[in-house]
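Residue numbers (this note's numbering): 28 to 644.
Yeah, the Cβ is synthetic: ideal placement off N, Cα and C, and Gly gets one too.
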């Protein structure tokens, strides 16, 4: 303030003159805290997660709603808008029914009521100051925010909580309260934002919900000290190359189709001529590119803003912050300001560490949101890519058809597997997004991975009711879907692919054996004969005769006589070899044709090929 009142001296003085809290009455309620008033400790959650900054508690009152009534003088039919924004509460220092009551303190001396500053007394000297004012905090939702610093002593924490209880922070006009805390696990390199929301319905019933959002941010070394880091970077590069390559090639093909025919419909047609699968492929490419953008945005936010955040904050590093973050013990006189007659909050300069903490928490929340959007877009691309891979397979009885379709979908299948490895191994999105609350209990990364696998396996194959309670009772069906796909879908997919190959081989051999079974006396003889004839047929094809002759002919100069060769003699020799190859090929073709004629006569003699009815032999 601009004056020199007693309240201003308490606030604007040096560290010895600053009012750092309330003096508790000697009651049983405060006995546990006053015994060790100077005790300070590092706050941990679940033994391994260190608290960052403190706990932000935001209270929200009745929502702003317009009064709609035909009776102009009836004032109580609706909730006034000022309930959601105006200061409220009672300063417990002036309430004789609270442990914080101080009879020697007067309003005009406790607050800065000097001339030129905002007055704390509106309705006379009997007015009691309202401690809870709406203040904008970047990370907290809109409402009345209070911060409980982790670095304060036990006695100070008890005083602050007592002020919230007896000051009316939550009363009959409250509808919602949000409690947020940020922790950091150095063993897992994982941040987490825990949010507890208390809801009060119309009947006064209170319900609570817990949400834990983790963010894994390992330290990245550009020098690649281990082969593990090199492998992760290479896997990321392969994933990025395949994603960009497939998307660019598909877009070029679509643009080429559109430019040739000048019809918009041709842009959405797939390479196999299907409009439906063309739209599905286009959606998959769009989701894939969005996933890449979200992922690298999360990396930029994480390794620029979040990496600068300290793992542990002592927000109230100065006496001013410890005295007056949310308590209105400081008034600032503003010339010409309308003012509401109430003391103002502390200046932002007095709370720089807390505001810095709020910005860092906002960056952590943004990185978490970007990573979750990456996971959602990648899952959508994942499912569409899997649908295309399954569509590429053709359960044909011939092995050649299965191999051709598998080769056609080989790039899609490779992309599918690389993305799966990247999400599970490098980024670990499945583990720390879906199993973050479970992993945070572990002290080592190896223990977290093993425990996460146990939780997934138990949840997928054993009692789902108990595991839902352990992992997160608030999980929805789309959060459980990746777990079910990993433990049910992937084994089924792998078994289906292996069985398709096996059945194709068996079916092809069975069909060929069945064709020749009627010409032999034994089924096994037909099977062995069929195998021999298939092999000989591949070896003695007329088209391969010249190539086989070249393999059998030794190269020129193999004897190693050391004599120089004549170019004209080489050309004559080449012509001679070609003519001999043609003659050999013609002879082999004539021989094979003769075998076919003999086989045809043998079949006719055996009655396999009967002439049409009514026709002479």
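In whole angstroms, give me the CA-to-CA distance for residue 331 and residue 415.
The count along the chain shown starts at 1 and reaches residue 331 at position 304. The count along the chain shown starts at 1 and reaches residue 415 at position 388. One C-alpha to the other measures close to 38 Å.
Is it true that the segment 386-396 meets the segment 306-317, where meeting means three or more beta-carbon pairs spaced less than 8 Å apart?
no
Between which two residues does the beta strand (DSSP E) holding residue 223 run?
Working through the chain shown from its first residue, we reach residue 223 at position 196. Unbroken beta strand (DSSP E) run through residue 223: 217-227.
Chain C within 9 Å of residue 162, Cβ atoms only
Looking at the structure shown, chain C is missing, and only one protein chain is on hand.
So, at 6 Å on beta carbons, what are the nonlocal neighbours of residue 228 in its own chain, with the 5 sequence-adjacent residues on each side left out?
Within the chain shown, numbered from 1, the residue matching residue 228 stands at position 201. Taken in chain order, the list of residues that qualify is empty.
From residue 241 to residue 219, what does the alpha carbon distance come to, in whole angstroms?
Counting from one through the chain shown, the residue named residue 241 turns up at place 214. Counting from one through the chain shown, the residue named residue 219 turns up at place 192. Whole-angstrom Cα-Cα distance: 4 Å.
DSSP has residue 171 in a bridge; who is on the other side?
What you label residue 171 is simply residue 144 of the chain shown in a count that begins at 1. Beta-bridge pairing links residue 171 to 86.
With C-beta atoms as the reference, is residue 222 less than 9 Å away from residue 202?
Here residue 222 is taken as the residue at index 195 of the chain shown, counted from 1. Here residue 202 is taken as the residue at index 175 of the chain shown, counted from 1. No; because the gap between Cβ atoms is not below 9 Å, this pair is not in contact.
Taking the alpha carbon of residue 182 as the point to measure from, which residue in 326, 126, 292 has its own alpha carbon closest?
Within the chain shown, numbered from 1, the residue matching residue 182 stands at position 155. In terms of Cα proximity to residue 182, the closest of 326, 126, 292 is 126.
Is it the case that the segment 169-178 contacts the segment 73-87, given that we only count it when at least three CB pairs across the two stretches are under 8 Å?
yes
Residue 76 classed as buried or exposed, judged by whether at least 16 other C-beta atoms fall within 10 angstroms
Translated into the one-based positions of the chain shown, residue 76 becomes position 49. Residue 76 comes out buried.
Rounded separation between residue 159 and residue 78 - CA only
As a first step, residue 159 is located in the chain shown; it is residue number 132 there, counting from the start. As a first step, residue 78 is located in the chain shown; it is residue number 51 there, counting from the start. Approximately 25 Å between the Cα atoms of the pair.
Simplified DSSP state of residue 242, which is helix, strand or coil
As a first step, residue 242 is located in the chain shown; it is residue number 215 there, counting from the start. Looking at residue 242 - three-state DSSP - the assignment turns out to be strand.
Please go through the same chain and pick out, in chain order, the residues whose beta-carbon is closer than 8 Å to the beta-carbon of residue 267, but skip the five residues on each side of it.
On the chain shown, residue 267 is found 240 positions in, with the first residue counted as 1. Here the set comprises 319.
Determine the extent of the beta strand (DSSP E) in which residue 204 is found, giving its start and end residues.
Translated into the one-based positions of the chain shown, residue 204 becomes position 177. If you look at residue 204, you'll find it in the beta strand (DSSP E) that goes 201-212.
Same chain only: Cβ atoms within 7 Å of residue 184, ignoring 5 sequence neighbours per side:
The residue given as residue 184 occupies position 157 in the chain shown. Contacts found: 175.
Measure the CB-CB distance between residue 269 and residue 334 and report whether it falls below 9 Å.
One-based indexing of the chain shown puts residue 269 at position 242. One-based indexing of the chain shown puts residue 334 at position 307. Taking 9 Å as the Cβ cut-off, residue 269 and residue 334 do not qualify as a contacting pair.
Throw me the rounded Cβ distance for the residue 336 and residue 398 pair, which I believe falls under 8 Å.
Translated into positions along the chain shown, residue 336 becomes position 309. Translated into positions along the chain shown, residue 398 becomes position 371. Incorrect: roughly 16 Å between the Cβ atoms, too far for contact.
Identify, in the order they occur along the chain, each residue of the same chain with its Cβ nearer than 7 Å to the Cβ of residue 123, setting aside the five sequence neighbours on each side.
One-based indexing of the chain shown puts residue 123 at position 96. Result list for residue 123: empty, nothing under 7 Å.
DSSP on residue 624, reduced to helix/strand/coil?
By 1-based counting over the chain shown, the position of residue 624 is 597. Helix at residue 624.
Residue range of the alpha helix (DSSP H) that includes residue 317:
For the purposes of this step, residue 317 is taken as the residue at position 290 of the chain shown. Its alpha helix (DSSP H) spans residues 302-331.
Tell me, which residues are paired with residue 159 by DSSP?
Taking the chain shown and counting its residues from 1, the one referred to as residue 159 is at position 132. The partner list for residue 159 (beta bridge, DSSP) reads 115.
Keeping to the same chain, check which residues put their C-beta closer than 6 Å to that of residue 566; ignore five residues upstream and five downstream.
By one-based count along the chain shown, residue 566 stands at place 539. In this prediction, residue 566 scores a pLDDT of 44, lower than 50, which makes its location untrustworthy; no coordinate-derived value is stated.
Determine the direct distance from the alpha carbon of residue 129 to that of residue 114, and round the result to whole angstroms.
Start at 1 with the first residue of the chain shown, and residue 114 comes out as number 87. Start at 1 with the first residue of the chain shown, and residue 129 comes out as number 102. Cα-Cα distance, rounded: 22 Å.
Can you give me the C-alpha to C-alpha distance between residue 204 and residue 303, rounded to a whole angstrom?
Residue 204 sits at position 177 when you count from the first residue of the chain shown. Residue 303 sits at position 276 when you count from the first residue of the chain shown. Cα to Cα, residue 204 sits roughly 48 Å from residue 303.
For residue 284, which residues in the same chain have their Cβ closer than 6 Å to its Cβ, ignoring the five residues on either side in sequence?
Here residue 284 is taken as the residue at index 257 of the chain shown, counted from 1. Cβ neighbours of residue 284 beyond the five flanking positions: 293.
Where does residue 234 fall in DSSP's three states?
Taking the first residue of the chain shown as 1, we reach residue 234 at position 207. Of the three classes helix, strand and coil, the one that applies to residue 234 here is strand, per DSSP.
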